[in-house]
Amino acid sequence: MNLLLSEVMGEAVWMWGVFLALVLALLAFDLGVLHRRPHEIGIRESLLLSAFYISLGLLFSLWIWLMLGAREAAMYLTGFVVEKSLSLDNVFVIAVIFSFFAIPKQYQHRVLIYGILGVIVLRGLMIGAGTAIVSRFEWVLYLFAAFLVFTGVKMLFNCERECDVAANPVQRMLRKWLPLTASLHGDRFFVRSGSRFLATPLLLALVTVEFTDLIFAVDSIPAIFSITTDPYIVYTSNIFAILGLRALYFVLAVMMDRFTYLKYALSLVLVFIGSKIFVADLFDWEKFPPSLSLAITLLLICGGMLISLFVPRASTPQPTVIDLPPHPTTGISNCRTVPKVPRRS
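Mapping to numbering that gives the first Met the number 0: the sequence shown position 199 is 198, numbers consecutive.
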């Protein structure tokens, strides 16, 4: 009992346990029941699954309110919205990764769900390290804030950069050192050939998605630390936002090309979040009001989406052909036609 009541990063062990048990149970239900047999996920199923995860994420704010207070619940919701918004870029890149590795639609959900397991661990390590640094050196928050303002301004004037999966160092390293099959083997990440195991392109796609998430976390985690330094709120809002977003992937991958002005809205969100710390100091506030922060964030994001729907979009970039490096064992080469997509700088 004493162990359950002891604190880890500011909260009781049992509170961390409740959250992790809930997330792992959701993933087990998703993989073991809903998607036990691989199938192509349609728009309707994607919307229902995402609505389920988003509803749970919003309901979790009630848990935060009951256990920690209304102020913390508002911070959680702001972090939830910010993480979900900043992760929209990830949808573009994941679509390119799946196209590059020629992953059929019926296996894409499996990669996304297993990817969340990696997110749970890697985001936890990053947030834990960030919390330790901020608690010891509070001035680091000002560095985070300045970094967000710089990133937002840079993103505002440089929104169109091509995502080249072939240049990804992790997948290139895996191709060089890991025994690979030349083709997919259903939904399996490894297959046995004689006395050894070979990785399939599905594993390459999974690792590349995980590496991409780490890159995007460099922006999103400092953004949430600028909202709150409570690791429980930062971590839970991160994970619930990613759960809902990846469930919605199959809809967003089709629709995101319509939101051409969302990039500019997200850049303004980064500038706003980074500026909050300096504004709070200027007006001698203990913290920027969480409810006001949530309202401004929602206003910017919804505004960007509405403008995208009603203002004619620019011409869509033409696809580009990327040569797939030859397999180190078989020497088989291939190419993938993938769309040019924007990426956050």
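Think of the CB as a built atom: it goes at the ideal place given N, C-alpha and C, for glycine as much as any other residue.
Since we're looking at a predicted model, the values are computed, not measured.
| said: Just to check my reading of the structure: S78 and I232 have Cβ atoms closer than 8 Å, yes? What is that Cβ distance to the nearest angstrom? | reply: Numbered from its first residue, the sequence shown carries residue 78 at position 79. Numbered from its first residue, the sequence shown carries residue 232 at position 233. Reading the sequence as shown, one finds Gly at residue 78 and not Ser. 6 Å between Cβ atoms; contact.
| field | Segments assigned beta strand (DSSP E), at least 3 residues, entirely inside the stretch 135-222 | value | 189-192, 195-198
| field | Cα-Cα separation, F309 to L203 | value | For the purposes of this step, residue 309 is identified with residue 310 of the sequence shown, where counting begins at 1. For the purposes of this step, residue 203 is identified with residue 204 of the sequence shown, where counting begins at 1. Looking at the two C-alpha atoms, the distance is approximately 39 Å.
| Can you tell me whether DSSP reads E10 as helix, strand or coil? | In the sequence shown, counting from the first residue as 1, residue 10 sits at position 11. Correct three-state label for E10: strand.
| Are three or more beta carbon pairs between the stretch 139-159 and the stretch 212-221 nearer than 8 Å? | yes
| said: Tell me the rounded alpha-carbon separation between P289 and M74. | reply: Residue 289 sits at position 290 when you count from the first residue of the sequence shown. Residue 74 sits at position 75 when you count from the first residue of the sequence shown. Going from the Cα of P289 to the Cα of M74 covers about 6 Å.
| With 16 as the cutoff for other CB atoms within 10 Å, does A94 come out buried or exposed? | On the sequence shown, position 95 is the one that residue 94 refers to. The residue is buried, with at least 16 neighbouring Cβ atoms inside 10 Å.
| query | For the alpha helix (DSSP H) that contains S86, what are its first and last residues? | reply | The residue you call residue 86 lines up with position 87 of the sequence shown. Counting along the chain, S86 falls outside any alpha helix (DSSP H), and DSSP gives it neither H nor E.
| query | How about L173 and T199: are their beta carbons less than 8 Å apart? | reply | As a working note, residue 173 is residue 174 in the sequence shown. As a working note, residue 199 is residue 200 in the sequence shown. Their beta carbons are not under 8 Å apart, which means L173 does not touch T199 by this criterion.
| Looking at V90 and A252, is the spacing between their C-beta atoms short of 8 Å? | The residue given as residue 252 occupies position 253 in the sequence shown. The residue given as residue 90 occupies position 91 in the sequence shown. Contact: yes.
| task | Compare the Cα-Cα distances from G56 to each of L197, A101, I238, G41 and report the closest residue. | result | Translated into the one-based positions of the sequence shown, residue 56 becomes position 57. Considering only alpha carbons, the answer is I238.
| Rounded C-alpha distance that separates L265 from S194 | By one-based count along the sequence shown, residue 265 stands at place 266. By one-based count along the sequence shown, residue 194 stands at place 195. Each residue's alpha carbon lies about 50 Å from the other.
| request: Could you tell me if A69 is buried or exposed, where buried requires 16 or more neighbouring beta carbons within 10 angstroms of its beta carbon? | output: Here the question's residue 69 lines up with position 70 in the sequence shown. Exposed: under 16 other Cβ atoms inside 10 Å.
| field | For A69, the three-state DSSP class (helix, strand or coil) | value | The residue you call residue 69 lines up with position 70 of the sequence shown. In this structure, A69 counts as helix in the three-state DSSP scheme.
| request: Classify S225 as helix, strand or coil using the three-state DSSP reduction. | output: By one-based count along the sequence shown, residue 225 stands at place 226. Coil, per DSSP.
| said: Would I226 and I295 qualify as a contact pair, given that the criterion is a beta-carbon distance under 8 Å? | reply: For the purposes of this step, residue 226 is taken as the residue at position 227 of the sequence shown. For the purposes of this step, residue 295 is taken as the residue at position 296 of the sequence shown. No; because the gap between Cβ atoms is not below 8 Å, this pair is not in contact.
| With 16 other CB atoms within 10 Å as the buried threshold, where does P178 fall? | Numbered from its first residue, the sequence shown carries residue 178 at position 179. The residue is exposed, with fewer than 16 neighbouring Cβ atoms inside 10 Å.
| query | Got a sec? Which residues, its chain only, sit under 6 Å from V270 by beta carbon, not counting five neighbours each side? | reply | Position 271 of the sequence shown holds residue 270. Same-chain partners within the cutoff: V148, G151.
| said: Let's test the definition: count the other Cβ atoms within 10 Å of the Cβ of H108 and tell me whether it reaches 16, buried, or not, exposed. | reply: Indexing the sequence shown from 1 puts residue 108 at position 109. Burial call: buried.
| How big is the Cα-Cα spacing for V118 and V278? | Locating residue 118 in the sequence shown gives position 119, where the first residue counts as 1. Locating residue 278 in the sequence shown gives position 279, where the first residue counts as 1. So the alpha carbons of these two residues sit roughly 32 Å apart.
| Member of V80, F97, M304 whose CA lies at the smallest distance from the CA of A222 | Counting from 1 along the sequence shown, the entry for residue 222 is found at position 223. It is V80 whose Cα lies nearest to the Cα of A222.
| task | Alpha carbon to alpha carbon, how far is F18 from H34? Give it in angstroms, no decimals. | result | As a working note, residue 34 is residue 35 in the sequence shown. As a working note, residue 18 is residue 19 in the sequence shown. Answer to the nearest angstrom: the Cα atoms are 23 Å apart.
| query | Near E10, what residues of its chain come up, given a Cβ to Cβ distance below 6 Å and the 5 sequence neighbours on each side ignored? | reply | One-based indexing of the sequence shown puts residue 10 at position 11. Correct list, in chain order: Y231.
| query | Got a sec, what are the start and stop residues for the alpha helix (DSSP H) A101 sits in? | reply | As a working mapping, residue 101 is identified with position 102 in the sequence shown. Run containing A101: none; DSSP gives neither H nor E here.
| Which value, in whole angstroms, describes the spacing of the CA atoms of I42 and L261? | On the sequence shown, residue 42 is found 43 positions in, with the first residue counted as 1. On the sequence shown, residue 261 is found 262 positions in, with the first residue counted as 1. Whole-angstrom Cα-Cα distance: 21 Å.
| Are the CB atoms of L201 and F188 nearer to each other than 8 Å? | In the sequence shown, counting from the first residue as 1, residue 201 sits at position 202. In the sequence shown, counting from the first residue as 1, residue 188 sits at position 189. The answer is yes: Cβ separation under 8 Å.
| field | Per-residue DSSP class, three states only, for V358 | value | Residue coverage of the chain in this structure runs from 0 to 344, which leaves residue 358 outside it and unanswerable.
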